[in-house]
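Protein chains in written order, with the numbering used here: chain G, 1 to 247; chain X, 1 to 444. Working notes, beginning with the structure itself.
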Amino acid sequence: MNAVVLGATRGAGRALARALAARGDRLFLLGRDLEELRRSAADCDVRSPGGAAALGVAGCDLLAPESAAPALDAAWAACGRVDAVVVTAALFATQERLESDRELARRLLEADFSGTVLFCEEARQRLLAQGGGTLCVFSSVAGERGRKPVVLYGAAKAGLTRYLEGLDHRFHARGLRVVTVKPGFLRTSMTDGLPAPPFTADPDEIAPLVLRAIDRGTPVVYVTPVWRWVMLVVRSLPRFVLRRVGF
Amino acid sequence: MSSGENGERLAGWGGLSVPGRELRSEDLAAVARGAVLTRGLGRSYGDSALPPPGVLTVAGSALADRILELDVEAPRLRAEAGLSLRALVPHLLRRGLFPPVVPGTQFVTLGGMVAADVHGKNHHVDGTIGRYVTRLVLLTADGERVTCSRAVEPELFRATLGGMGLTGHILEVELALRRLPSRWLLAESLRVDGIDAFLDGLEQSARAWRYTVGWIDCLTTGRRLGRGVVFRGRWATAEEAAGRRERREAQRSVPFDFPNWALNDATARLFNAVYTRCHPRRPRPRVESPRRFFWPLDAIGHWNRIYGRRGFTQFQCVLPERERPGAAKRFLAAAAARGGSSFLCVVKDCGEEGEGVLSFPRPGISIALDLPLRPSTAELVRALAEVVIEEGGRIYLAKDAFVRRDQFARMEPRLAEFERIRARWDPGRRLRSAQSVRLFGDPA
């Protein structure tokens with residue numbers, strides 16, 4: 001299959017791009033830094049059974065929504081047909097940092113919500129125009145409840161999750177498959193330095209799970225799966241409990 | 001940022017640890033800028049990958065692990081320094097390629113291999129990894145990105161091979177590769193009864209076999225001193241390997257620290273006796289996978305836990321056997337006399353000295369002892385270092401945690417040249433480690 005990945009240079013996106021390349025899929029990589037994208041493209045090429053996975057790269061920034069359309073046009077031009085558009089890119093910062101840095105908070109809310117949504121709108125339009133395809137977007141378990149350590153980040157991810165849910169309902173019949181990925185805590189540079197909670201996973205562990213969800217068009221996938229049950233409990237906790245606990 | 005203040009510790013493979021933690025990023029240069037040291041997968045045994053006292057962070061390279069170019073024709077590889085052999089080797093084997101030199105574990109990064117200028121079972125013919133490195137990209141102490149090779153900044157290049165990360169943070173490595181006749185090795189082992197027969201067996205094997213190494217039972221003394229097993233192997237030809245198929249090899253792990261008493265003289269003696277007898281006197285060749293041949297210990301995760309919570313250290317030295325015949329024998333006798341009882345004693349004949357200014361191997365016999373940490377271990381190591389100095393040998397920095405600065409200076413006439421080159425790139429000695437403070441006298 002042909003996949004367009006936004007965020008493949010780092011973390012979960014890097015692991016996912018490698019997993020796609022390793023099974024022979026073709027990739028078009030989007031991101032902020034062209035040189036970084038070329039290095040990741042070379043890395044994916046070596047991992048591909050045929051020795052060539054990358055069909056090209058193009059610049060795209062969630063903080064510059066106008067960059068989405070030309071980047072996706074370039075991807076479609078290189079791929080012909082795109083079977084899946086994958087978004088793993090996002091910003092993250094601790095609640096403490098976001099509270100003390102208003103500019104960072106603005107950028108995070110913009111990148112993780114409106115920037116991602118506007119990118120998905122462009123992708124959705126193109127996928128529908130070719131008769132369907134998969135849109136796989138990384139949201140987060142942080143968007144399931146309002147919680148003390150993730151007030152702002154969680155709010156952006158909650159909004160994103162709701163948008164993706166609505167998108168699924170509205171366009172499913174026309175062939176759009178929306179896959180919302182809800183990772184728990186991943187050991188990546190995004191979370192480097194934070195104390196790792198239980199059920200922390202490595203990007204390489206979750207990549208095959210996300211791949212399977214993309215192949216099957218699973219609407220919502222928790223990675224690792226244990227988070228489905230953890231969040232079931234967290235969603236059912238009464239307000240007075242969440243006010244008291246630290247997570 | 002939290003940095004070691006939550007009781008986090010950084011440890012060497014032997015278990016020795018200090019307060020601190022790694023800063024990890026895919027962008028290694030970003031975390032290395034401002035860091036005193038970059039650390040790979042932490043497989044050096046002693047304190048070479050630990051920060052100096054008072055410094056709580058080091059850069060970690062493990063996330064900088066992209067393969068940037070694999071030229072199958074040359075054949076040549078260019079990759080980021082955090083790439084591990086474990087991640088790389090399957091991609092090479094698939095193309096009939098292999099790293100020209102590999103150490104005893106695949107859990108090492110390319111950067112770590114260059115920094116320690118690692119050697120393997122083929123040192124007697126192929127030298128260290130440094131011989132195959134064609135280009136390095138470093139982040140030097142002043143934050144500059146410097147590309148060096150034999151043609152460009154050759155001094156910096158030579159000092160970085162075996163320079164333990166003190167000349168600059170290694171960001172990228174370019175390496176020549178070996179083309180294989182098959183993906184399998186033809187290997188055999190033979191039991192030998194004494195040190196003379198053992199060294200003889202190693203020398204005989206060296207002529208016909210690309211890979212040789214030996215294991216000796218250090219607990220036997222007197223006539224049987226040096227009872228052991230010689231292992232040898234070479235890449236199998238296509239015919240010899242015909243019909244072999246890859247199998248998933250079982251991965252076991254030591255789930256917890258053994259109690260400290262579990263490994264004592266009696267259990268070590270028992271193991272050694274059984275282990276010796278597992279090998280025939282007359283070699284029977286067998287076909288083995290690279291993983292089994294090069295990295296048998298990697299099949300057991302956390303094998304260092306058998307030494308218990310106290311941990312262990314390794315003492316590895318190389319002795320100029322040709323100039324001083326009997327040096328290895330005298331060293332082993334001295335070790336046995338001082339109670340340097342070792343579970344694992346690995347012996348290897350080394351070939352030509354490499355280009356690295358502080359590279360470990362030189363022509364002679366290399367001996368590596370695993371020593372459980374006891375209150376007396378530091379003294380034992382220093383006593384062994386004296387024997388090494390006496391015999392004109394040197395120690396392997398990637399293994400050491402206890403040798404004294406004055407001892408290092410006496411066994412390392414090349415130190416002055418290393419410091420001269422280092423002074424040009426890092427006059428303030430900003431780049432340093434717990435080990436360089438101990439051995440090079442760097443500011444703490």
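Cβ atoms here follow ideal geometry from the backbone N, Cα and C, with glycine treated the same way.
Check                                                                                                                       : Outcome
Chain G contact residues for X:I67, given Cβ-Cβ distances below 8 Å                                                         : A42, D43, V46 and R47
Short CB-CB distance (under 8 Å) between G:R32 and chain X                                                                  : no
Residue span of the alpha helix (DSSP H) that contains G:G159, given as start and end                                       : V151 to F171
Exposed unless 16 or more other CB atoms sit within 10 angstroms - verdict on X:R158                                        : buried
Residues in the region 21-34 of chain X having any Cβ partner in chain G nearer than 7 Å                                    : L23, R24, S25 and E26
Beta carbon proximity, X:L446 to chain G, threshold 8 Å                                                                     : Any question about residue 446 of chain X goes unanswered here, given that chain X covers just 1 to 444.
DSSP bridge partner residues for X:Y169 (one or two, in chain order)                                                        : Tyr is not the amino acid found at residue 169 of chain X; the sequence shown has His there. BP columns for X:H169 point to X:L139.
Contacts that X:H91 makes with chain G (C-beta to C-beta distance below 9 Å)                                                : V46 and R47
As assigned by DSSP and simplified to three states, the class of X:Q314                                                     : strand
Under the three-state DSSP convention, the category X:T377 falls into                                                       : helix
Proximity below 8 Å, CB of X:R245 to CB of X:W209                                                                           : no
Between the CA atoms of G:L104 and G:L118 - distance to the nearest angstrom                                                : 20 Å
Boundaries of the alpha helix (DSSP H) in which X:I195 is found, first to last residue                                      : I195 to A208
Close-in-space but distant-in-sequence residues of the same chain around X:T377 (CB under 8 Å, 5 per side omitted)          : T313, L371 and F402
Partners in chain X for G:R23, counting only beta-carbon separations shorter than 7 Å                                       : Going along chain X, no residue has its Cβ under 7 Å from G:R23, so there is no contact; the nearest lies around 14 Å.
Under 8 Å (Cβ pairs) to chain X, residues found in the region 1-13 of chain G                                               : T9, R10 and G11
Helix, strand or coil at X:L16 [DSSP, three-state]                                                                          : coil
X:L93 - containing alpha helix (DSSP H), residue span                                                                       : L85 to L93
Partner residues on chain G for X:L70, Cβ-Cβ distance less than 9 Å                                                         : A42, D45, V46 and G51
Nearest to X:Q316 (by Cα), restricted to the options X:V36, X:G46, X:L225 and X:L175                                        : X:G46
Inter-residue spacing [alpha-carbon to alpha-carbon] between G:P195 and X:A141                                              : 30 Å
Where the alpha helix (DSSP H) containing G:S236 begins and where it ends                                                   : V226 to S236
Pick from X:R178, X:L177 and X:D217 that is closest to X:G194, judged by C-alpha positions                                  : X:D217
Member of X:R232, X:V18 and X:V118 whose CA lies at the smallest distance from the CA of X:R191                             : X:R232
Within chain X, partners of G:R39 - CB distance below 9 Å                                                                   : R66, L68 and E80
Segment limits, alpha helix (DSSP H) that includes X:T160                                                                   : P154 to T160
Partner residues on chain X for G:S189, Cβ-Cβ distance less than 7 Å                                                        : R24, S25, E26 and L63
Short CB-CB distance (under 8 Å) between G:D101 and chain X                                                                 : no
G:A41 Cβ short of 7 Å to the ligand GTP heavy atom set                                                                      : As far as ligands go, the structure on display features none, and thus does not contain the ligand GTP.
Length at least 4, wholly inside the region 407-434 of chain X: the alpha helix (DSSP H) runs in chain order                : 415-425
Interface partners of G:A192 on chain X, CB under 7 Å                                                                       : According to the sequence shown, residue 192 of chain G is Asp rather than Ala. Chain X residues near G:D192: L23, R24 and S25.
G:C136: first and last residue of the uninterrupted beta strand (DSSP E) it sits in                                         : G133 to F138
Of the listed residues X:A238, X:R277 and X:M164, nearest to X:V287 (C-alpha basis)                                         : X:A238
Meets three-Cβ-pair contact criterion under 8 Å: the region 388-400 of chain X and the region 417-425 of chain X            : no
Nonlocal neighbours in the same chain, by C-beta distance under 6 Å from X:P296, ignoring five residues either side         : none
Inter-stretch contact (C-beta, 8 Å, three-pair minimum) for the region 268-280 of chain X and the region 164-172 of chain X : no
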